[in-house]
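> Take any residue in the sequence shown, note its place counting from 1, add 4, and you have its number in my numbering.
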Amino acid sequence: MIRFVPWRRIRALPLAGLAACLLVGMSTMPARAISPVIEGAAAVIPDQIQTWKMNLYDGAVVRFQNPDWRACTAASTQSMLNLIALDSTEVLPVREGAATTVGLTWLVNVSYSEQEDILKFERDHMTMSTWEAGTDPHGWRNALNWFGWGSLQADVYEDAAYSSFEAAAAAVVRSLARTRKPVGILAWGGSHAQFVTGYEVTGGDPRVSDNFQIDAIYLTDPYRSSNLRDFRVTYSTWKSGPNYIRFWPYWQTDSTIRDPIDGKIGYKEWRNKFVIEEPVR
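Shown next as structure tokens:
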């Protein structure tokens, strides 16, 4: 069962007691295409320590889910695609064996009616029982690809599951840096959606190097009362801070239907992992 629990109450609850607005990545370290910026970039000098920053956030196109307590994934999808549309002059690389790539089809839209259309689509294309509220990571992934690029097989966003916080956090920064697309976060143990739009790291440039240390990320929560919009979260706080902001492992077990796209059963794929909606190109 899913019911929305505001974060002020979550901080007082044990993990096993949490349930909220969504059940909402793929096996550890999914394959990804190499972006053009990587192919053409100069090598990073291992001993060269620099600071690298990037943030896509624009408050004019980011909306709260309210008044719909179920719509955290839909509001996140809408906001993420709006930010991509503002930033995008994209020419997506064609992945090996793939059909011709379709470019971004989404136009900036901040309306509540669009949010509700996205939520309905997610629920029609998810892998959990329809008697539960919200959606799951498959439904969220499907909405991002369908509304953004016009196809469930667009393969721009994938749901990805990592065995450790460290691996998941590195994947968030790496994919954000290399695709310039926000990354969805399965927060509150998988019962809520948040997204990351920016980072601060030291070491190698994450656009071309895996040798970097995360200092902070910029997190947005679509639930108004969380008061997290483009909020700078240090690495240590994101790992072990208060429950409403900390990235914890996914604990939901409701996604029992085999996904027709990746062939996996959600709760077996995500349980006790750190789950994200990851742009891979």
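Ideal Cβ positions, reconstructed from N, Cα and C, are used throughout, including at glycine.
Because the structure is a prediction, the values reported are computed rather than measured.
1) So, helix, strand or coil for F278, using DSSP?
2) Hey, would you say L87 sits closer than 8 Å to G202, going by beta carbons?
3) Throw me the rounded Cβ distance for the S259 and Y271 pair, which I believe falls under 8 Å.
4) Could you check if A165 is buried or exposed, using at least 16 other CB atoms within 10 Å of its CB as the buried criterion?
5) Give every residue of the same chain whose Cβ lies closer than 6 Å to the Cβ of Y161, excluding the five residues on either side of it in the sequence, and list them in chain order.
6) Starting from M84, trace the beta strand (DSSP E) in both directions and tell me its first and last residue.
7) Can you have a look at R211 and say buried or exposed, based on whether 16 or more other CB atoms are within 10 angstroms of its CB?
8) How about T77 and E126: do their beta carbons lie closer than 8 Å?
9) Mind checking which residues open and close the alpha helix (DSSP H) that includes T183?
10) How long is the line joining the alpha carbons of T257 and R275, rounded to whole angstroms?
11) Less than 8 Å between the beta carbons of P186 and F68, yes or no?
12) Helix or strand or just coil, what does DSSP make of R211?
13) According to DSSP, simplified to helix, strand and coil, what is V65?
14) In the DSSP assignment, the alpha helix (DSSP H) including A123 goes from what residue to what residue?
15) Buried or exposed: where does S244 fall if 16 or more other Cβ atoms within 10 Å of its Cβ makes it buried?
16) At which residues does the beta strand (DSSP E) containing G188 begin and terminate?
17) Taking the alpha carbon of L108 as the point to measure from, which residue in M132, G207, R285 and G152 has its own alpha carbon closest?
18) Cα separation between I221 and R236?
19) Are T206 and F199 closer than 8 Å when you measure CB to CB?
20) What did DSSP end up calling A158 once you bin it into helix, strand or coil?
21) Does DSSP classify Y166 as helix, strand or coil?
22) Under three-state DSSP, which class holds T201?
Here's the rundown:
1) strand
2) no
3) 5 Å
4) buried
5) R145, L148, N149, E281 and P283
6) Here M84 belongs to no beta strand (DSSP E); instead the alpha helix (DSSP H) covers C76 to D91.
7) buried
8) yes
9) F169 to T183
10) 7 Å
11) no
12) coil
13) helix
14) The sequence as given places Leu at residue 123; Ala does not occur at that position. Y116 to D128 is the extent of the alpha helix (DSSP H) around L123.
15) exposed
16) V187 to A191
17) G152
18) 6 Å
19) no
20) coil
21) strand
22) strand
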